[in-house]
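What follows is a set of notes on a single structure, which appears directly below.
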Amino acid sequence: MAKEELGVEEIIPGIIVRHTNRRLGRIEVSDACGRLICGKISFSEFVDQVGEGFRELLDFMMEHDLHPGRPDEVVYCVDCYAEFCCRDTLKTQLGDLYRMGAAHVQAAKAS
12 MAKEELGVEE IIPGIIVRHT NRRLGRIEVS DACGRLICGK ISFSEFVDQV
62 GEGFRELLDF MMEHDLHPGR PDEVVYCVDC YAEFCCRDTL KTQLGDLYRM
112 GAAHVQAAKA S
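Heads up, the sequence shown is in the numbering used here, so the first residue is 12 and it goes up one at a time.
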């Protein structure tokens with residue numbers, strides 16, 4: 012999955028934030044995806060915003076200490092370490108995360 016296709020080639024990931032007690036107001040799903048990719052919200056804040064739809068991917072990334080802002084690294088680890096039966100689910104969730112996050116990045120560039 013090429014970063015250019017996803018529109019995330021200019022994202023520079025920050026640190027991995029797994030949990031915080033901070034409470035965000037309601038934000039759009041695309042905004043939550045963009046913030047997660049950039050390291051501006053934690054995995055737990057992301058789940059609070061978007062629900063359980065990305066649970067498998069987030070669990071995998073936490074288990075393997077991966078940052079969502081590094082898609083090539085995540086795909087490599089999915090290919091190497093995920094059970095064969097789970098790979099499609101993880102890649103689908105990763106693609107959804109970046110498509111939605113790219114929409115946020117494009118909107119931010121436009122404004």
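Cβ coordinates follow ideal geometry from the N, Cα and C atoms, glycine included.
Between which two residues does the alpha helix (DSSP H) holding residue i run?
| i | result |
| --- | --- |
| residue 56 | 54-61 |
| residue 94 | From DSSP, residue 94 is part of no alpha helix (DSSP H); its letter is neither H nor E. |
Check residue i in the structure and name its three-state DSSP category.
| i | result |
| --- | --- |
| residue 77 | coil |
| residue 48 | helix |
| residue 71 | helix |
| residue 64 | coil |
| residue 84 | helix |
| residue 37 | coil |
Leaving aside the five residues before and after residue i along the sequence, list all residues of the same chain whose C-beta is less than 8 angstroms from its C-beta, in chain order.
| i | result |
| --- | --- |
| residue 67 | 97, 100, 101 and 104 |
Could you give the distance in angstroms between the alpha-carbon of residue i and the alpha-carbon of residue j?
| i | j | result |
| --- | --- | --- |
| residue 42 | residue 95 | 31 angstroms |
| residue 63 | residue 38 | 16 angstroms |
| residue 80 | residue 72 | 11 angstroms |
| residue 50 | residue 36 | 17 angstroms |
| residue 69 | residue 57 | 10 angstroms |
| residue 78 | residue 85 | 8 angstroms |
| residue 76 | residue 65 | 16 angstroms |
| residue 48 | residue 40 | 12 angstroms |
Quick one: what's got a C-beta closer than 6 angstroms to residue i's C-beta in the same chain, skipping five residues either side?
| i | result |
| --- | --- |
| residue 52 | 46 |
Looking only at its chain, what residues have a beta carbon closer than 7 angstroms to the beta carbon of residue i, apart from the 5 residues adjacent to it on each side?
| i | result |
| --- | --- |
| residue 44 | 108, 111, 112 and 115 |
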